[in-house]
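Asks: Chains as they are written, first to last, in the numbering used here: chain A, 1 to 507; chain B, 508 to 668.
All residues carry an ideal CB built from backbone N, CA and C; glycine is no exception.
Take a look at this one; I'll ask things after.
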Amino acid sequence: MIPAKIEDVFVQITTDFSGIIKTIDAGNFVKKEFEVNQLIYTTCPFLEGTLEAIEKNQSFLLEGMVIASDNNEFNVDIEIFKNDDNIVILIHNRTNVYKYVDQLNQNRNDIFFIKREIVKKNKELDRLRKIADKANEEKSRFLAIMSHEIRNPLNSILGYAEMISSEKLSKNVAQYIKNLSSAGKNLKVIVDDILDLSRIEAGKLALVSEEVSINEIIKNCENDFQHQQKNNGVSLVFKVTENVPKIVLGDTVRIYQILSNLISNAIKFTEKGSVTTKVDVISEDDKTVSIQFTVADSGRGMSKEQTQKIFEEYQQNKISDNRIKGGAGLGLAIVNRLINAMNGNISVESKLDFGTTFFVKIPFLKPIKNKKFCSEQETKKTIINLKDRKILVADDDVLNLTIVQHFLTKEKAKITLVKDGLEALSKIKKEHFDVILLDIYMPNLTGEELILKVNDFTEFNKNTPVLALTANSTEEDVKRYLEIGFSGIISKPFTSAMFLEKIASTL
Amino acid sequence: MIAKKVLLVGNFGVGKTSLIRRFVLNEFSEDYISTIGVRVSKKVVEYQNETIKLMIWDVAGTNGDEKIPKAYFLGAHAAMFVFDVSREETYLNIDQNLQMVKDLSGLEKITIVGNKKDLLSKEELETVVKEVSIGIDLITSAKEGSNVEDAFMKLTAQTLK
């Protein structure tokens, strides 16, 4: 005897060859849907056409079919056996099993479609990212062009200011020239900051790993700022603790940039008291040393909200700051990004009317021992003597040409001035020069085109150093100029000291 | 009235159930509920002065290379292979998939239908038609009801050959 529970999960029916139910043999599963002498197809439509096609004396299995009873659907497996007289049909209720299969199936398909949607969205994101990258590149290109366009007239402003300041002037005019020079220098800082930021954003900032003397950097800061600082009410203090290693590996220029930015900010916002720069070791092992630079001032301080925004671009705490104190509010944003690029971090503590302290922590690698470091003291200082040196200068900008002429005449150099690349080439072919200075953008033949005509130099100027006199001063520009044959770059705007030192170093 | 058994096969999610729903009930739902096993729908159609009861087997969609049980094809008079014009993977290996259906069913001709034409532009559809390596009988949209009737009529015609 079959147990009642088992009776509920199946039903066995016998039909004739045309599908008419002859007997209901066993089981209770959806039994009421079947009636003797009725067609089985009413409840099992899938058997219509199938029963006729089944071969005799062979068992046949249909899995996963659906039948309905009392508004419910059931998943069933059906075993069919056709003999000479009739067809025996065994219907198994498999709803519970198929319920899980159904769920798994639905999940699998849902995951597939979600995955597909993600791929589609990623493609869209990729497309948008490329558009944004292109726009960013355009922006960087625009900034580079604008920076070039600003640097050229700036060179004239600073150059003429320097020339005028060396003349006999009344006290008032001397002050005006000093102010003019100072404004020009501030403008140069802003142009450099904008370029730096765009370079960092474009991921083009490359830090160098060279031997760095922290003591030297601090000494340079001290010299520069003591010289610049005119407010007697503020004392500048510089301290380097003894355990700071003499040499670490890092980027001297960028470390100096970070510190000078923080110190100059501190001086800018401190009317009385002090600005203290301290260097300490916070941790050290055989290979690395973590150094903390602290710049503390007794200035006007900041509120909590202000300190939270201080590292954002174009951030000035007071709207009037950029007018009174100068700057575009990019300095700290650049400092923050430079420190991040060095795997370091910067933090700030401040109290309104009491002062502000910046903490910069940077991990440095130590140099491999026994490698001799050439300190600045050991480096031979360039001696500038350009007397009777033959120098060819090519620049289409008359103002710049006049400044260069002024600087070189003072050094008693023998100068040949030309206004474009073709004229320069003609001179190069005819006589020897000790140094050639070429502007890059010149009519008829650019400085870049001229340097590539190196074969025309061979007769008189085979070994003559050629310097690019240019406002294109990005790292990529400098690299390219050196690659195509320039011996060095004099970046506009330049001071007479920078200009003369660069020429002397190539001789 | 003669009864004819026809099957709809193809990858999951190509819209087999939606085509049947549109044809039998003139309904469409945006919800996607995967079909498990086989659901049989009936529709009586007139074709060339003949009244035919179509027994339409909605076979659960496969994952491309999964085999459909041979038992389903027993006594089948025609079959429709459905692919999704907006999903390359549903027609990329259409040659092999079609051969598999022919081998299992013993049918010589299978009706080929590309569904979901509402998701593509005219130009994109032309590209798909060029990409599909075999002749497509009809491009349909179960959502918009476009060409659905014609596709099933083509299938019905196939049952009489």
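Answer yes or no: do K523(B) and M562(B) have a C-beta to C-beta separation smaller than 8 Å?
Replies: no
Asks: Among the candidates F358(A), S487(A) and F499(A), whose CA atom is the shortest distance from the CA of T409(A)?
Replies: F499(A)
Asks: Is E376(A) helix, strand or coil by DSSP?
Replies: Its pLDDT being 43, under 50, E376(A) is placed unreliably in this model, and the coordinates cannot settle the point.
Asks: Could you name the residues of the same chain whose beta carbon sits closer than 7 Å to that of S18(A), not counting the 5 residues immediately before and after it, in chain order?
Replies: Result list for S18(A): empty, nothing under 7 Å.
Asks: How would you write the range of the alpha helix (DSSP H) that Y554(B) sits in, first residue to last?
Replies: Run containing Y554(B): none in the alpha helix (DSSP H); it sits in the beta strand (DSSP E), V545 to Y554.
Asks: Given this structure, state the Cα-to-Cα distance separating F543(B) from G568(B), to the nearest angstrom.
Replies: For the record, residue 543(B) in the displayed sequence is Ile; it is not Phe. Whole-angstrom Cα-Cα distance: 8 Å.
Asks: Please report how far the alpha carbon of D625(B) lies from the alpha carbon of S648(B), in whole angstroms.
Replies: 6 Å
Asks: Can you pull the chain A neighbours of M562(B), defined as C-beta to C-beta under 7 Å?
Replies: Using a Cβ-Cβ cut-off of 7 Å, M562(B) is close to P45, E48 and G49 of chain A, given in chain order.
Asks: Go through its chain and collect everything with a Cβ distance to S198(A)'s Cβ below 6 Å, but skip five positions before and after it.
Replies: The residues S140 and L143, in chain order, have a CB closer than 6 Å to that of S198(A) in the same chain once the five nearest residues on each side in sequence are set aside.
Asks: Assign F494(A) to one of two classes, buried (16 or more other C-beta atoms within 10 Å of its C-beta) or exposed (fewer than that).
Replies: Around the beta carbon of F494(A), 16 or more other beta carbons lie within 10 angstroms, which makes this residue buried.
Asks: Among residues of its own chain, excluding the 5 on either side of E201(A), which ones have a beta-carbon nearer than 6 Å to its beta-carbon?
Replies: none
Asks: I need the DSSP call for T402(A), collapsed to helix, strand or coil.
Replies: In this structure, DSSP gives T402(A) a helical state, which the three-state scheme calls helix.
Asks: Please check the pair G49(A) and G582(B), which I expect to be a contact at CB under 8 Å, by giving their CB distance rounded to whole angstroms.
Replies: 4 Å
Asks: Please confirm if K512(B) has its CB atom under 8 Å from at least one CB of chain A.
Replies: yes
Asks: Of all the CB atoms in chain A, is at least one closer than 8 Å to the CB of V547(B)?
Replies: yes
Asks: Using a cut-off of 8 Å between C-beta atoms, extract the partners of E63(A) located in chain B.
Replies: Chain B residues near E63(A): G544, P576 and A578.
Asks: Please list, in chain order, the chain B residues whose beta carbon lies closer than 7 Å to that of V66(A).
Replies: G544, V545 and R546
Asks: Could you check if A206(A) is buried or exposed, using at least 16 other CB atoms within 10 Å of its CB as the buried criterion?
Replies: exposed
Asks: Taking all protein chains shown into account, do 16 or more other C-beta atoms lie within 10 angstroms of the C-beta of K99(A), making it buried, or fewer, making it exposed?
Replies: exposed
Asks: Cβ closer than 7 Å: which chain B residues qualify as neighbours of V101(A)?
Replies: Among the residues of chain B, those whose CB is under 7 Å from the CB of V101(A) are I543, following chain order.
Asks: Just to check my reading of the structure: L467(A) and V418(A) have Cβ atoms closer than 8 Å, yes? What is that Cβ distance to the nearest angstrom?
Replies: With 8 Å as the limit, L467(A) and V418(A) do not qualify as a contact, their Cβ atoms being about 15 Å apart.
Asks: Who pairs with K361(A) in a beta bridge, going by DSSP?
Replies: Residue pairing of K361(A) in beta bridges, as defined by DSSP: Q292(A) and N345(A).
Asks: What residue range does the beta strand (DSSP E) around L392(A) cover?
Replies: K390 to A394
Asks: Could you check how far apart the C-beta atoms of I89(A) and T15(A) are, in whole angstroms? I think they sit under 8 Å.
Replies: 6 Å
Asks: With 8 Å set as the bound, which would you pick, yes or no: does the beta-carbon of G522(B) sit closer than that to a beta-carbon of chain A?
Replies: Put simply, the CB of G522(B) is far from chain A, with every gap to its CB atoms at 8 Å or more.
Asks: Check the C-beta distance from I484(A) over to E448(A) and give it rounded, since I have them as a contact under 8 Å.
Replies: 6 Å
Asks: Can you list, in chain order, the residues of its chain with a C-beta nearer than 8 Å to that of E55(A)? Leave out the 5 residues immediately preceding and following it.
Replies: K82
Asks: For N57(A), go through chain B and note every residue whose CB falls closer than 8 Å to its CB, in chain order.
Replies: Residues of chain B passing the Cβ test: none, with the nearest at roughly 15 Å.
Asks: Taking buried to mean at least 16 other C-beta atoms within 10 Å of its own C-beta, is R127(A) buried or exposed?
Replies: exposed
Asks: Within a Cβ cutoff of 6 Å, which residues of the same chain sit near D77(A), ignoring the five residues on either side of it in sequence?
Replies: E63, H92 and R94
Asks: Do the CB positions of A161(A) and S147(A) come within less than 8 Å of each other?
Replies: For A161(A) and S147(A), no; Cβs fall outside 8 Å.
Asks: Let's see if you can read the secondary structure: which residues bound the alpha helix (DSSP H) around H148(A)?
Replies: Counting along the chain, H148(A) sits inside the alpha helix (DSSP H) bounded by residues T95 to S165.
Asks: Nearest by alpha-carbon distance to E242(A): which of V279(A), N122(A), I217(A) and N336(A) is it?
Replies: V279(A)
Asks: Does DSSP classify N72(A) as helix, strand or coil?
Replies: It is a strand residue.
Asks: Kindly indicate which three-state DSSP category A330(A) falls into: helix, strand or coil?
Replies: Just to set this straight, residue 330(A) is Leu in the shown sequence, not Ala. L330(A) falls in the coil class under three-state DSSP.
Asks: Shorter than 8 Å from the beta carbon of F519(B) to some beta carbon of chain A?
Replies: yes
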